Each structure stands twice: as C-alpha cells, then as structure tokens.
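Take a look at the structure set out below.
Number of protein chains: 2
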Amino acid sequence: MVDIVHKIGIKAPLSQVYAALSSVAGISGWWTRETSGDAKLNGTVNVLFRAPDGTEKGRMGFELTKLVPNEDVVWRFSSGPEEWVGTDVTFQLIRRGDYTVVLFGHRNWRQASEFTAHCSMKWATFLLSLRQYAETGTGQPAPTDLKIDDWN
Amino acid sequence: MVDIVHKIGIKAPLSQVYAALSSVAGISGWWTRETSGDAKLNGTVNVLFRAPDGTEKGRMGFELTKLVPNEDVVWRFSSGPEEWVGTDVTFQLIRRGDYTVVLFGHRNWRQASEFTAHCSMKWATFLLSLRQYAETGTGQPAPTDLKIDDWN
C-alpha cells in the first residue's frame, strides 16, 4: 500500500480548521465549491470538480468515518476514480505554539502511478488553500484552484 | 521503503528544466541560494539552508548519480539529516504538448514520519518554485522559500 503524506501549519484555532474539514461549507471553502451532502458521522459528502470554463473534471463521494472534534477527521472514498475507491483521507490536528498543525494522509493506494504523483502535488496545493481559507476566510477551491500540470 | 512522489507541468523547454536540476546555478535558482560543488556525473553538490534572519537550518550533500540530458536526473544524498542519507531524489522529464512534465520522487525513506510529511509538502512548494524559475527566471529558493509549518 502507498500513502501520500503532507504536513502544514495554520495560524488559526483548532476549531476553525476542524470545521473546514468536517462541514459542507468548510470543504467548499478550500477544496471545491461544489460540495454537498450530509457531513455527519457515516454521512456521505459528494464533491464535483470543474475547470474554470465549466467543464466537469471529475466527481467523488466519501463517508466521514471518523470525527473527533478538534483532533481527527477521516474521509473514506466510496465513489470516484477507481484508484481512489476504498482509500482514506486522514487529517490529524495538533496544537503547537501559534499553529494548528495538520498531519494529512491519503492512504492505502494499491500502487504508485503518475496519477498518485499528480494527486500528491494537487493535495499540497489544496492544503495551501486550506491554510489560506482558515487564516483569511478565502481559499482557492475548484474551479479557481491552482493548476499544476497537463492534467489540471 | 517509502517514496514521496509529485508531478508538475512547466511551460519551458526540456533543456531549461534539465539545466535547473543539473547545474549549481540552476539549483540555486529554485531550491537554495547557497548551492556549491561540482555538478557533473558522480560529482558532489552541497546545499545549505538558512532562515530569512540568517540562522542555519540545515545542510546536505548529494552526488549526481544519473544525468541523461533532457530525460533523467538522480541525486543520491550522502550527508544531511539521518533520514535522508542513502535516499535518492529522482527527476524524470517528459515533453507533452505545451509542457515539460516533471515526475519527481524522493525515494527509499526507511519509514514514514512527521518529517516525511513535512518534506513532502516542502518539496511540493519547491516544485512550484522550480516552475516559476523555469518559466520566468525567478524562483523562490531558500532563504525566501515559502514557509509551511512550525518547522520551516
């Protein structure tokens, strides 16, 4: 199994970062504006990504399988790209000094491919968007997300 | 073994991206200004990172163990943080449409830790700096690199 892991430090309260990861309004503020569903334990959240011209780029669904306020959030993907189905996105939050530290993982990829490399880089830019959203109230979610390569 | 993998697309010629990865002047344009040494096959390159206030944050050395012009560059770390010694940083270059695609790997970590997560995120921001350097001539190398967390 292959895991993508990242770390980012955010100068915002734990509760604000937790809300950004565990609510429809929060997720739509930094990942994709088209977020909908039922953001509660075992509820399903659906996300849709578009290019700036409106073209659909992809859609996915995940269940919130772990929600420990201000500590842990786990998303388990049940639909979307084949490589994502059955994988977990994990966020562990730790307060240290001025920072809410986020330990991010996208875990249990069956193998590493060019798509994994694309997603790893893309997650890094979305974590910068998460930081900006939590610190300033304005992130860079799709469709205005930072483009990184020939795929998106 | 654990690998960090990323992908970025750069709107600059293959030869320009290759030079940015395989010469002292190139590396100092996007990774750290304090780059020195002998950037030829099996030569050693030394890099030193400082905080904006001048404090030393770390230093490392690597050998260029593979140099295939416009295709492949491998750096093997021989000194620096214990976790890095013996690991390889690999860059595979592919021309596709308007892009020079860089497939990046930092390979053969003995295990994944918070330091791995920090480095993965930090590499992503340095790849954005590499893109900016190759496309515009001006990157964001240390000590003016983007800070990502409580460590740097």
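Line by line, the protein sequences give chains A and B. In this note's numbering, each number is its position in the first sequence, counted from 1, plus 1219. In this note's numbering, each number is its position in the second sequence, counted from 1, plus 1219. We treat Cβ as the ideally placed atom computed from N, Cα and C, and that holds for glycine. Here the structure is a predicted model, which means the values were calculated and not measured.
Beta carbon of residue i nearer than 8 angstroms to that of residue j
i, j, result
"H1337/B", "W1370/B", "yes"
"T1344/B", "Q1351/B", "no"
"E1354/A", "A1244/A", "no"
"E1290/B", "L1267/B", "no"
"V1264/B", "L1312/B", "no"
"D1272/B", "V1293/B", "no"
"P1360/A", "T1274/A", "no"
Coil, strand or helix - residue i by DSSP
i, result
"K1199/B", "Outside the modelled stretch of chain B, which goes from 1220 to 1371, sits residue 1199/B, for which no answer is possible."
"R1252/B", "coil"
"L1233/A", "helix"
"K1341/B", "helix"
"L1372/A", "Shown here, chain A extends from 1220 to 1371; a query on residue 1372/A therefore has no answer."
"T1319/B", "strand"
"E1275/B", "strand"
"R1329/B", "coil"
Residues near residue i by beta carbon distance below 7 angstroms, same chain, minus five either side
i, result
"W1303/A", "M1279, F1296"
"S1242/B", "A1258"
Residue i CB to nearest heavy atom of the ligand GDP below 7 angstroms
i, result
"Q1351/B", "This structure does not include the ligand GDP; it has no bound ligands of any sort."
Bridge partner(s) assigned by DSSP for residue i
i, result
"W1294/B", "L1283/B, V1308/B"
"N1265/A", "S1255/A, G1280/A"
"R1314/B", "T1319/B"
"G1358/A", "Paired residue(s): none; G1358/A is not in a bridge."
Residues near residue i by beta carbon distance below 8 angstroms, same chain, minus five either side
i, result
"M1340/B", "I1367, D1368"
"A1239/B", "G1245, I1246, G1248, W1249, L1349, Y1352, A1353"
"S1234/B", "P1288, N1289"
Close beta carbons around residue i, own chain, < 6 angstroms, minus the five adjacent residues each side
i, result
"D1222/A", "G1324, R1326"
"G1277/B", "F1268"
- Query: If we count Cβ pairs, one from each stretch, closer than 8 angstroms, do we get three or more for the stretch 1220 to 1228 of chain A versus the stretch 1310 to 1323 of chain A?
  - Reply: yes
- Message: Can you confirm whether the stretch 1279 to 1297 of chain B touches the stretch 1250 to 1264 of chain B when touching is taken to mean that 3 or more C-beta pairs between the two stretches lie within less than 8 angstroms?
- Response: yes
- Query: Just checking, does the stretch 1327 to 1336 of chain B make contact with the stretch 1362 to 1369 of chain A on the three C-beta pairs under 8 angstroms criterion?
  - Reply: no
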